[in-house]
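Chemist:
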Amino acid sequence: MALQHAASGELIPLKRGDDDIAHFTSVALAKTGNMELIRLVLPKDREMPVHKVDGEITLLCLQGQIVCDAHGKSVVLRPGDLLYLLGGVPHGLRANDDAVALLTILLT
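For the sequence shown, the UniProt record's numbering assigns the number 1 to the initial residue and increments by one for each residue that follows.
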């Protein structure tokens, strides 16, 4: 069954459920031909290995603490912090605390 994405004008709740943090949960919230919105859940000490995507991205930390390794340095994101990366930039993520983030990918 295909994942139901939000429609234009539809409210998208970002708060995680009580059981989300038990395992890595990545939920695509909305997707168009130009962008994709993903609610990313990273449990403490979980890593997302170094990878890259073609499009530009933003990562908005909503809860917890996320470390992003990119451009030869580590940046710590706390709630309310936003990180922007150009497309094609290798980056890895890890959670110092149970974390929830909003990831936006501009599709090329």
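Think of the CB as a built atom: it goes at the ideal place given N, C-alpha and C, for glycine as much as any other residue.
For my contact list, L60 and L82 are in at a C-beta cut-off of 8 Å; report their separation, rounded to the angstrom.
Modeler: Going by Cβ atoms, the distance from L60 to L82 rounds to 5 Å, so yes, they are a contact pair.
Chemist: With the cut-off set at 8 Å, would you say A70 and V89 are in Cβ contact?
Modeler: For A70 and V89, yes; Cβs fall inside 8 Å.
Chemist: If you count every other CB in all the chains shown that lies within 10 Å of the CB of I105, and 16 or more means buried, which is it?
Modeler: By the neighbour-count rule (16 or more Cβ atoms within 10 Å), I105 is buried.
Chemist: Report all residues from its chain with a CB closer than 7 Å to the CB of P49; omit the five preceding and five following residues, and keep chain order.
Modeler: Hits under 7 Å: G92.
Chemist: Cα separation between S26 and G64?
Modeler: When rounded, the distance between both Cα atoms is 16 Å.
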